[in-house]
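Each residue of the sequence shown is one higher than the one before, starting from 5 at the first, in the working numbering. Beta carbons: idealized from backbone N, C-alpha and C, even for Gly. As structure tokens, the structure follows; a few thoughts come after it.
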Amino acid sequence: MTANDDNPRVYPALGLSSFLLPPSSKKAGFSWKRWHTEIIEDWRWEEALDNQPDSNVAIVGGVGGLIIWDIDYQPLVDKVK
5 MTANDDNPRV
15 YPALGLSSFL
25 LPPSSKKAGF
35 SWKRWHTEII
45 EDWRWEEALD
55 NQPDSNVAIV
65 GGVGGLIIWD
75 IDYQPLVDKV
85 K
């Protein structure tokens, strides 16, 4: 799988530091500073996604120079892809 698959289950394997956000939210309800230096273990990530399927997924930006675009306008999303 590649990042283009839009499958958050592959994020740790791609070296992306990720964590879950409450459903319909873009704000963490906890301190997420640890994810600047850590990547969650695959099995913990799988378990979190299984137990909280409605959660949003956050990807930590800035780590390794990663830049994140949060685009909600579908025509632009299609163009960027």
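- Annotation: the continuous beta strand (DSSP E) that includes leucine 25 extends over 22-25.
- The DSSP-derived three-state label of valine 61 is strand.
- By the CB criterion at 7 Å, valine 81 and isoleucine 75 fall inside the cutoff.
- The residues Arg13, in chain order, have a CB closer than 7 Å to that of glutamate 50 in the same chain once the five nearest residues on each side in sequence are set aside.
- Under a 10 Å Cβ-count criterion, tyrosine 77 is classified as exposed, with fewer than 16 other Cβ atoms of the shown protein chains found around its own Cβ.
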